[in-house]
Amino acid sequence: MSNLDQFRTETRVWLEENCPESMRKPMADESDSVGGGRNPTFKHPDQKLWMDRMAAKGWTVPTWPTQYGGGGLDRDEAKILGEEMSRLQCRTPLQGMGISMLGPALLEYGSEEQKSQHMPKIASGAIWWCQGYSEPGAGSDLASLQTKAEDMGDHFLINGSKIWTSGADKADWIFCLVRTDNTGSKHHGISFLLFDMTTPGVTVKPILLISGRSPFCETFFDDVKVPKENLMGERDKGWTIAKYLLTHEREMISGLGRGSKKKFCESAVDAIGLENGRLADTVLRTDIAKLELNILAFSKTMERVGDETKSGKGLGAASAIFKYYGTELNKTRCELMMDIEGEQALGWEGDNYKDGLMSRTWLRSKGNSIEGGTTEVQLNIISKRVLGLK
Amino acid sequence: MPLVLNEEQSMLKDAAAGFLAEKAPVAALRALRDERNADGFSRDLWQEMAEMGWAGIAIPENYGGLDYGYVGLGLILEEMGRQLTVSPMQSSVLVGATLINLAGNDAQKQALLPAIAEGKLLVSLALQEGRHHRPAHTALTATANGDGFSLSGEKVMVLDAHVADKMIIAARTSGEAGDTAGVSLFLVDGDVQGLSCERVIMVDSRNAGKVTLNNVVVSKGDLIGELDGGMAVLEKALSIANIGLSAELLGLCLQSFETTIEYLKQRKQFEALIGSFQSLQHRAADMFAELELGKSMVLAALQAIDNDDDDLALMAAATKAKLCEIAENVTNETIQMHGGIGMTDEYDMGFYMKRARAAQQTFGDYSYQLDRFACLNGF
Ligand SMILES: Cc1cc2nc3c(=O)[nH]c(=O)nc-3n(C[C@H](O)[C@H](O)[C@H](O)COP(=O)(O)OP(=O)(O)OC[C@H]3O[C@@H](n4cnc5c(N)ncnc54)[C@H](O)[C@@H]3O)c2cc1C
Ligand SMILES: Cc1cc2nc3c(=O)[nH]c(=O)nc-3n(C[C@H](O)[C@H](O)[C@H](O)COP(=O)(O)OP(=O)(O)OC[C@H]3O[C@@H](n4cnc5c(N)ncnc54)[C@H](O)[C@@H]3O)c2cc1C
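Protein chains in written order, with the working numbering: chain A, 1 to 390; chain B, 391 to 769.
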């Protein structure tokens, strides 16, 4: 225990000395998050400073092995780091699909060369990754994907297109599901490829979201040559990797359900006021109380599953509910936020309305129960795989 | 009155549907948004609508209207909801003309109603002051000034504020915020000295402005209705306004719903139409059931206006609450059941969700109306 106490003390001191003041308040929206990449954008120089300092310690990816740019922390230490960061309200220094999705898959399925080539660059924020899974005809039925990879001896030749590729217009590399064999069942013949987005034949067209922002794209592949060594895992058996990666995507998205630093009910009191110690809007009060209760219960469940995993019980069955429950909670939270803020939430432009921050956040949240596998797909997984209902 | 449309009403509804689908579909709203149109609506189209009698549909004949009643107005609003048509129908006809007709004296009605009916005059109500609709909390000060008053304060969510020729300002002439008595309504010109208006681009791509009054001088002649007695007429006008908005929400929901059902019949995943998945089927069936309830409430509430029923306030609160509930569910389901494509700006369904939100929050949202419904029921 004393080792951990010492770790906590050192961590606290280090964070206090190294986390810039401006990185100690919650992000206002997606644009405040740092994704790195070859052409990184930093809204504020402190973002770069904070990312670089954390990366130097390996704490952008605390649990990854040190030889791949990680912090080499065990679960207990990582939990302490997380707690100390929340205590100071430190922002996550670097975010993205590289860190939360590809990295874990590389660790599990990547070759030594692939790990050494890609993981340090993910950890330092040098390379931004995007996910090429969905296609126009393959959404929920991901395994029916048709983007073709032909074996040309020393390379694969890729033809086809992906859709809803988040960040493809900014990404440097893509992890992409392609079809290398069309003869067996649809789950057979899928391969997992890594390639550079600047490879000739890759074009990207941004798609505007209902929030008025444009974080996702159509991605086209026209005779794109990808070297054979960029294949991850076994050829034709990429579905297993694809699914493994999806469990990490789900985990990442379900974090939304935990809620923000500022308690939701405090915003309501600010906006609506109290009457005899109770929120002046009695109907909304009940709805907010229900949501706060569920956020609490959800956080406890995440904590329980985390502790069960640590004690070696493996991922509990409860983990299947995270993506479903967390994203539905976030959607409800945004609906209630709109109710709470009233007129202020309806603005779309202008300084008085923070350029529509609230309404745009609300609209963006509607994608949470679609991206990373829809709510319906999650419920199917729970009922079929966990409950055995077929 | 039976809860069915008569032949004439059905014809009006069909005609409105055809006209709006052709002239004012979602694409028109999209164009107004993308070109950042200065008015936020098409004045030419509004003239056409006025020529068909829509702007005067609920205005009495002796004041230049059709005297066709609120069922007629509601049917048009429902069809406008389907197409997300932008026009001053809500601000000037549903609310402005209604208030003047309810509370104005004969001279005021003569001066204003025919002009509204012709589509030549836009009148908007300036009521809300904080983030939420709380009419009794009106605080905008009216200080006695010789024979009249001097008005100072701020209003938000003033529909079509930046194009309104005249505004009806709810002001406090006695008592304090929270008192039902002591609110008075004054008619002012949109460009009167001391009034400034900030156009706000809203989530639904319409404009509900912020209006600031700084010692705006009004006379007794500008008073609409009785001094200190504005709340009673305001409440009635707001009941009518909320029923009209419910009709619009109904149309909007029906269109979203029907589009979704079509999509469920077209989109295939797992070698099956997604409409064959029972989890979606049951939710679609549930929406159908809710929408049927919504239709009944809207029609009954519109008829209650025309019949001047005693329970108008209760019907209004109930109908708006019900339609808010339905709209939130239907617009969310629409996007969810479309998957990724539902999240794109290029697809129209996002516009429906955005308009639904704004309409829900205009003149009292779900929780306001539900609370009011409970109060009116005595608990
Ligand atoms: C904001 C956002 C970001 C995204 N980012 C990425 C990305 O970076 N990379 C990437 O590859 N993809 C991305 N996606 C795509 C996402 O994974 C797909 O949209 C999702 O898997 C659903 O596929 P679809 O859009 O084709 O919808 P469909 O699969 O067509 O689904 C339509 C509806 O049918 C339902 N449905 C389908 N099958 C069943 C079933 N068996 N039972 C019950 N209901 C069913 C769905 O749940 C949904 O409600 C993103 C999506 C969004 C919204
Ligand atoms: C965005 C997204 C996220 C997802 N996340 C997860 C996840 O975290 N965990 C998870 O388990 N699934 C995940 N899936 C896959 C999801 O479970 C399936 O798409 C869905 O349940 C339908 O099953 P199916 O694809 O196996 O196709 P179906 O046609 O419904 O299934 C056909 C049959 O093949 C079987 N099968 C499944 N996998 C294989 C395989 N690799 N090889 C051979 N047969 C197989 C199935 O059990 C089933 O009996 C995700 C899918 C999407 C689109």
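Glycine included, each C-beta is placed from N, C-alpha and C at the ideal position. Everything numeric in this text was worked out from a predicted model, so none of it was measured.
State yes or no: is the C-beta of residue i nearer than 7 Å to some heavy atom of ligand 1?
i, result
"residue 208 of chain A", "no"
"residue 101 of chain A", "no"
"residue 96 of chain A", "no"
"residue 733 of chain B", "yes"
"residue 374 of chain A", "yes"
"residue 652 of chain B", "no"
"residue 671 of chain B", "no"
"residue 360 of chain A", "no"
"residue 383 of chain A", "no"
"residue 646 of chain B", "no"
"residue 162 of chain A", "yes"
"residue 728 of chain B", "yes"
"residue 394 of chain A", "Beyond the ends of chain A as shown, which are 1 and 390, falls residue 394 of chain A; an answer cannot be given."
"residue 132 of chain A", "yes"
"residue 380 of chain A", "yes"
"residue 659 of chain B", "yes"
"residue 240 of chain A", "no"
"residue 572 of chain B", "no"
"residue 768 of chain B", "no"
"residue 595 of chain B", "no"
"residue 202 of chain A", "no"
"residue 221 of chain A", "no"
"residue 664 of chain B", "yes"
"residue 37 of chain A", "no"
"residue 377 of chain A", "yes"
"residue 140 of chain A", "yes"
"residue 255 of chain A", "no"
"residue 165 of chain A", "yes"
"residue 58 of chain A", "no"
"residue 576 of chain B", "no"
What whole-angstrom Cβ distance do residue i and residue j have, given they're in contact under 8 Å?
i, j, result
"residue 824 of chain B", "residue 369 of chain A", "What the structure shows of chain B is the stretch from 391 to 769, and residue 824 of chain B is not part of that stretch, so it cannot be assessed."
"residue 346 of chain A", "residue 748 of chain B", "6 Å"
"residue 34 of chain A", "residue 47 of chain A", "5 Å"
"residue 640 of chain B", "residue 688 of chain B", "5 Å"
"residue 236 of chain A", "residue 180 of chain A", "6 Å"
"residue 11 of chain A", "residue 94 of chain A", "Not confirmed; about 18 Å, so no contact."
"residue 590 of chain B", "residue 359 of chain A", "Not confirmed; about 12 Å, so no contact."
"residue 217 of chain A", "residue 165 of chain A", "5 Å"
"residue 23 of chain A", "residue 87 of chain A", "Not quite, the Cβ-Cβ distance comes to about 14 Å (not below 8 Å), so this is no contact."
"residue 717 of chain B", "residue 750 of chain B", "6 Å"
Chain B contacts made by the region 362 to 383 of chain A, where a contact means CB separation under 9 Å: 362, 363, 364, 366, 367, 369, 370, 371, 374, 375, 376, 379 and 380
Could you run through the region 701 to 730 of chain B and flag, in chain order, every residue whose CB is less than 8 Å away from some CB of chain A? 718, 722, 725, 726, 729 and 730
Which runs of the alpha helix (DSSP H), 4 residues or longer, sit entirely within the region 50 to 118 of chain A? 75 to 87 and 103 to 109
Within the region 654 to 740 of chain B, note down every full alpha helix (DSSP H) run reaching 4 residues or more, in order along the chain. Along the region 654 to 740 of chain B, the alpha helix (DSSP H) occurs as fully enclosed runs of 4 or more residues at 668 to 696 and 702 to 728, listed in sequence order.
Complete runs of the alpha helix (DSSP H) confined to the region 185 to 251 of chain A [at least 4 residues]: none
Whole beta strand (DSSP E) elements within the region 488 to 532 of chain B, 3-residue minimum: 513 to 516
Which residues, in chain order, does the region 280 to 300 of chain A contribute to contact with chain B at a C-beta distance below 7 Å? 281, 282, 283 and 284
Closer than 9 Å, Cβ to Cβ, to anything on chain B: give me those residues from the region 197 to 213 of chain A, in chain order. 207, 208, 209, 210, 211 and 212
At a CB distance below 9 Å, what residues from the region 336 to 357 of chain A approach chain B? Give them in sequence order. 338, 339, 340, 341, 342, 343, 344, 345, 346, 347, 348, 349, 350, 352, 353 and 356
Could you list the residues in the region 161 to 172 of chain A with a C-beta less than 8 Å from some C-beta on chain B, going in chain order? 163 and 164
Which runs of the beta strand (DSSP E), 3 residues or longer, sit entirely within the region 563 to 638 of chain B? 573 to 579, 585 to 588 and 598 to 608
Against chain B, which members of the region 137 to 148 of chain A pass a CB distance test of less than 7 Å? 139, 140 and 141
Listed in chain order, which residues of the region 93 to 109 of chain A have Cβ atoms closer than 7 Å to some Cβ of chain B? none
Which of the residues in the region 173 to 196 of chain A, read from start to end, lie with their CB under 8 Å from any CB of chain B? none
Alpha helix (DSSP H) runs contained entirely in the region 329 to 360 of chain A, provided each spans 4 or more residues: 343 to 346
Contact residues within the region 582 to 596 of chain B, judged by C-beta distance below 7 Å to chain A: 590, 591, 592 and 593
May I ask you to list, following chain order, the residues of the region 110 to 135 of chain A that have a beta carbon less than 8 Å from some beta carbon of chain B? 134
Can you give me, in chain order, the residues of the region 526 to 555 of chain B that have a beta carbon less than 9 Å from any beta carbon in chain C? The chain inventory of the structure shown lacks chain C, comprising the protein chains A and B.
At a Cβ cut of 9 Å, what residues of the region 260 to 276 of chain A count as close to chain B, listed as they run along the chain? Answer set for the region 260 to 276 of chain A: 271 and 272.
Output, in sequence order along the chain, the residues in the region 750 to 764 of chain B whose CB is closer than 8 Å to any CB in chain A. Against chain A - using a Cβ distance shorter than 8 Å - the residues of the region 750 to 764 of chain B are 751, 755, 756, 757, 758, 760 and 761.
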